[in-house]
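Trainee: The structure follows.
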Ligand code: BGC
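Residue numbers (the working numbering): 4 to 727.
Pasting the structure below:
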């Protein structure tokens, strides 16, 4: 290979606007012919991908096939709930299956590489990208990371139904200062290793083929050029053997970070252990010069080329560059009824019931229902952020879903009630990429009057409020985490009618719902449910499915509490009183309580569960032993239901301070009405390990407490001792 051809393999541009039948005349085509492109992304359809692949394998000198990447984040055309919602299912099989279906559909459409899973732990809901991850917890996040990698890559990458996964954004991208996207991250190593690294490592341990570096800096050096991160941690400590890609223009952005000109930062990235340059073209345009000047070595370039060629080889592209280009599969395997049925079921499991006073839900399938709100009859926002392959018109709005599920047994009246946001400029920013909410030009008084009129003729009001899809996601940070004011005014007016009100909340992040929780009888949080949204929401509203989602991110009472998360430390001055009342010179606020509105793990069901007989097999354990923790869970209500039984451990005394509780196990069980089951967890030495101040992964002898319950705010516990 010439040096130019080698650097071409390290280059990943976007496809631009390649049109079928004219791919040959595009600029990208010329670059491919000249061996300047190794992989391409954001190109959709077998016809286009076949054409472009043909240029690479027939018209370039070395005939090396291309990788075709895409952000297949939560499904392909069949779109599943946003990842934050998906994580709230706590159903690892379903999550793996969603990735499997995404891989099948994407691969049927020519794609062989997805930029997923996104596993950035985040404890700051101001950050818009919390919608793309699995929440705040390293243990749950790790389980989900593994499941997603398995779902995409399967056991055999050479099949034409499996695709390369890419864990991102390595690392710590979810902890920007102030929750502002791309902002500075500054974190202790002990926190990185214990709380933020585990899901990336879990993906590496699960065999993820590629890793994407994050935009942020770590210890003052952007991840893209951070040798400690990319070589010491990822390669040496974790033994990652795939290739690393930058995020979009990650290399040239290091110039804005203040690390030097394009040549300098490109050499910095290569020397740090970066293999592929997404869009930045720093490698392509400067590495030859740096090589001539002795700033990088040929051995480093060769190593990156080798890793990328190996990935293509593992995918079977050298054997058959068109293995993902089967028009038949594209016609029959995408957005199938079977996939949609699974997406509908998965969406229903992701919903979190916050409140259900007097068992207002499930609603009866009779009478007259007023369906009101800016999100009640909108298709394009239902898939949520990062749904690039979705045909948005395919998505099912709530109104349509309700009518289908009710089949005429109840009457549904609809009114928009308000715009998303009163400020039209803000609404524009919040509805980009064609995700319009069809702004209504009528005044807010007229919209409200129309809503009140249909409310007056109804037995119950279902009000669909919240964020639009693009109010979360990339570059969608917020400082006010409430439902926009105009929608809250609508809600207040509807509450004043005295009719029962159910709030169906759309959101891509935890919001502050303190007032809504006081005023509204029933609140169902549905995130962004994907293409089957309207059906799935109606399945739950009318009781065909009992909600079982549990929060994976804490909902604060006030923005000022952020960052707020369940696995916090005790501090030296915890509150002494159990009520959470203010105490001077103790850790608390003058004007707000410490505890959140809804804790991690929280979510109600239409039925109730009781927890009894918590027992542990032995009071002491040695490193080689396993303890059994058992309890009984009983369904004491009137519906069959699923419950997520959660096990938390506290390491009471350590060489460093330890969290008050850490999730270490969970089981999602189905209990019929009246049924009781024994649930058993095993605790082994690995569940007790953590990184100490020397960053050694150790379990320290001493006392531990085990909590088992329905959410992280559980106080029932049992103790044991780890002995030498
Ligand atoms: C995002 C990544 C994404 C990439 C390619 C970036 O802006 O941060 O998550 O994979 O674009 O679309």
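For glycine and all other residues, C-beta sits at the position ideal for the given N, C-alpha and C.
#1: Quick check: does the Cβ of residue 203 come within less than 6 Å of any heavy atom belonging to the ligand BGC?
#2: Just the Cα atoms here: how many angstroms apart are residue 113 and residue 281?
#3: Mind checking whether residue 26 and residue 32 have CB atoms under 7 Å apart?
#4: Can you give me the start and stop residues for the beta strand (DSSP E) that residue 339 sits inside?
#5: At a threshold of 6 Å, does residue 729 count as lining the ligand BGC (C-beta to nearest heavy atom)?
#6: According to DSSP, is residue 605 part of a helix, a strand, or is it coil?
#7: Check whether the stretch 513-523 touches the stretch 532-548, taking contact to mean three or more Cβ pairs, one atom from each stretch, closer than 8 Å.
#8: Following a CB-centred definition, is residue 462 positioned closer than 6 Å to any heavy atom of the ligand BGC?
#9: On the three-state DSSP scale, how would you describe residue 231?
#10: Between which two residues does the beta strand (DSSP E) carrying residue 728 extend?
#11: Taking 7 Å as the limit between beta carbons, can you name the residues of its chain near residue 598, skipping five residues before and five after?
#12: Quick one: grab the DSSP three-state call for residue 62.
#13: Cα-Cα, which of 652, 660 and 116 is closest to residue 314?
#14: When you compare only the Cα positions, how much space is there between residue 680 and residue 430?
#15: From which residue to which residue does the beta strand (DSSP E) around residue 709 run?
#16: Does the separation of the CB atoms of residue 103 and residue 480 fall below 7 Å?
#17: So residue 438 is in the alpha helix (DSSP H); what residue range does that whole segment cover?
#18: Please list the terminal residues of the continuous beta strand (DSSP E) segment that includes residue 414.
#19: Below 8 Å CB to CB, which residues in the same chain sit around residue 59 once its five sequence neighbours on both sides are set aside?
#20: Can you tell me the Cα-Cα spacing of residue 501 and residue 387, whole angstroms?
#21: Taking 8 Å as the cut-off, does the stretch 451-466 touch the stretch 418-437 (at least 3 CB pairs, one atom from each stretch)?
#22: Does the stretch 44-52 come within contact of the stretch 320-340, defined as at least 3 CB pairs closer than 8 Å?
#23: Measure how close the beta-carbons of residue 684 and residue 650 come, nearest whole angstrom, since I'm counting them as under 8 Å.
#24: Does DSSP classify residue 541 as helix, strand or coil?
#25: For the putative contact between residue 601 and residue 554, defined by C-beta atoms under 8 Å, what is the C-beta separation to the nearest angstrom?
#26: Apart from the five residues on each side of it in sequence, which residues of its chain come closer than 6 Å, Cβ to Cβ, to residue 505?
#27: Could you give the residue range of the alpha helix (DSSP H) that holds residue 274?
#28: Would you tell me roughly how many angstroms separate the C-alpha atoms of residue 160 and residue 83, rounded to the nearest one?
#29: Is the separation between the beta-carbon of residue 170 and that of residue 226 shorter than 7 Å?
#30: When the Cα atoms are used, what is the spatial distance from residue 302 to residue 336?
#31: The ligand BGC and residue 1: does any heavy atom of the ligand fall closer than 6 Å to the residue's C-beta?
#32: My understanding is that residue 147 touches residue 175, with C-beta atoms under 8 Å, so please give their C-beta distance in whole angstroms.
#33: Which term fits residue 698, buried or exposed, when burial requires 16 or more other beta carbons within 10 angstroms of its beta carbon?
#34: Around the C-beta of residue 377, are 16 or more other C-beta atoms found within 10 angstroms, so that it is buried, or is it exposed?
#35: Just checking residue 118 against the ligand BGC - is the residue's beta carbon closer than 6 Å to any of the ligand's heavy atoms?
#36: Grouping DSSP H, G and I as helix and E and B as strand, with all else coil, what is residue 554?
Mentor: In brief:
#1: Here residue 203 refers to the residue found at position 200 of the chain shown. No.
#2: As a working note, residue 113 is residue 110 in the chain shown. As a working note, residue 281 is residue 278 in the chain shown. Computed Cα separation, rounded: 20 Å.
#3: Counting from 1 along the chain shown, the entry for residue 26 is found at position 23. Counting from 1 along the chain shown, the entry for residue 32 is found at position 29. Yes, the pair counts as a contact, with Cβ atoms nearer than the cut-off.
#4: Taking the first residue of the chain shown as 1, we reach residue 339 at position 336. No beta strand (DSSP E) contains residue 339, which DSSP labels as neither H nor E.
#5: Because the chain spans 4 through 727 in this model, residue 729 falls outside it and cannot be assessed.
#6: Within the chain shown, numbered from 1, the residue matching residue 605 stands at position 602. Per DSSP, reduced to three states, the secondary structure at residue 605 is coil, with no helix or strand assignment.
#7: With a cut-off of 8 Å, the stretch 532-548 and the stretch 513-523 do not count as touching, because too few Cβ pairs lie within range.
#8: Along the chain shown, one-based indexing puts residue 462 at 459. No.
#9: Indexing the chain shown from 1 puts residue 231 at position 228. In this structure, DSSP gives residue 231 a helical state, which the three-state scheme calls helix.
#10: This structure cannot speak to residue 728, because the chain is shown only from 4 to 727.
#11: Within the chain shown, numbered from 1, the residue matching residue 598 stands at position 595. Correct list, in chain order: 583.
#12: For the purposes of this step, residue 62 is taken as the residue at position 59 of the chain shown. Helix.
#13: As a first step, residue 314 must be located in the chain shown, where it is residue number 311. For residue 314, the nearest C-alpha among the options comes from 116.
#14: If you number the chain shown from 1, residue 680 lands on position 677. If you number the chain shown from 1, residue 430 lands on position 427. Each residue's Cα considered, the two are about 49 Å apart.
#15: Against the chain shown, residue 709 aligns to sequence position 706. Counting along the chain, the beta strand (DSSP E) containing residue 709 begins and ends at 705-712.
#16: Working through the chain shown from its first residue, we reach residue 103 at position 100. Working through the chain shown from its first residue, we reach residue 480 at position 477. Going by C-beta atoms, residue 103 is not nearer than 7 Å to residue 480.
#17: Numbered from 1 along the chain shown, position 435 holds the residue referred to as residue 438. Unbroken run through residue 438: none, as it is neither H nor E.
#18: Residue 414 sits at position 411 when you count from the first residue of the chain shown. Start and end: 414-418.
#19: Numbered from 1 along the chain shown, position 56 holds the residue referred to as residue 59. The beta carbon of residue 59 sits closer than 8 Å to those of 35, 40, 66, 67, 68, 69 and 324, all from its chain and outside the five residues before and after it, given in chain order.
#20: Your numbering for residue 501 matches position 498 in the chain shown. Your numbering for residue 387 matches position 384 in the chain shown. The alpha-carbon atoms of residue 501 and residue 387 are separated by roughly 32 Å.
#21: Touching, yes, given that three or more Cβ pairs across the two stretches are closer than 8 Å.
#22: Result yes; three or more Cβ-Cβ pairs closer than 8 Å.
#23: Residue 684 sits at position 681 when you count from the first residue of the chain shown. Residue 650 sits at position 647 when you count from the first residue of the chain shown. About 5 Å separates the Cβ atoms of residue 684 and residue 650, confirming a contact at the 8 Å cut-off.
#24: For the purposes of this step, residue 541 is taken as the residue at position 538 of the chain shown. Assignment of residue 541 by DSSP, reduced to helix, strand and coil, places it in the helix class.
#25: Stepping through the chain shown from its first residue, residue 601 is reached at position 598. Stepping through the chain shown from its first residue, residue 554 is reached at position 551. Confirmed, Cβ separation roughly 6 Å.
#26: On the chain shown, residue 505 is found 502 positions in, with the first residue counted as 1. Taking C-beta separations shorter than 6 Å and ignoring five residues to either side along the sequence, the partners of residue 505 in its chain run 465 and 525, following chain order.
#27: As a working note, residue 274 is residue 271 in the chain shown. Residues 265-275.
#28: Position 157 of the chain shown holds residue 160. Position 80 of the chain shown holds residue 83. Spanning the alpha carbons of residue 160 and residue 83 requires a straight line of approximately 23 Å.
#29: In the chain shown, residue 170 corresponds to position 167, counting from 1. In the chain shown, residue 226 corresponds to position 223, counting from 1. Contact annotation: residue 170 and residue 226 have beta-carbon atoms that are not nearer than 7 Å.
#30: Here residue 302 refers to the residue found at position 299 of the chain shown. Here residue 336 refers to the residue found at position 333 of the chain shown. Each residue's Cα considered, the two are about 43 Å apart.
#31: The chain is shown only over 4 to 727; residue 1 falls outside these bounds and no answer can be derived.
#32: In the chain shown, counting from the first residue as 1, residue 147 sits at position 144. In the chain shown, counting from the first residue as 1, residue 175 sits at position 172. The Cβ separation is near 18 Å, so there is no contact.
#33: Your numbering for residue 698 matches position 695 in the chain shown. Answer is exposed; the Cβ neighbour count stays below 16.
#34: By one-based count along the chain shown, residue 377 stands at place 374. Around the C-beta of residue 377, 16 or more other C-beta atoms lie within 10 Å, and the residue is accordingly described as buried.
#35: Working through the chain shown from its first residue, we reach residue 118 at position 115. At a threshold of 6 Å, residue 118 counts as near the ligand BGC, since its beta carbon sits closer than that to one of the ligand's heavy atoms.
#36: Here residue 554 refers to the residue found at position 551 when the chain shown is read from its first residue. Reduced to three states, the DSSP call for residue 554 is coil.
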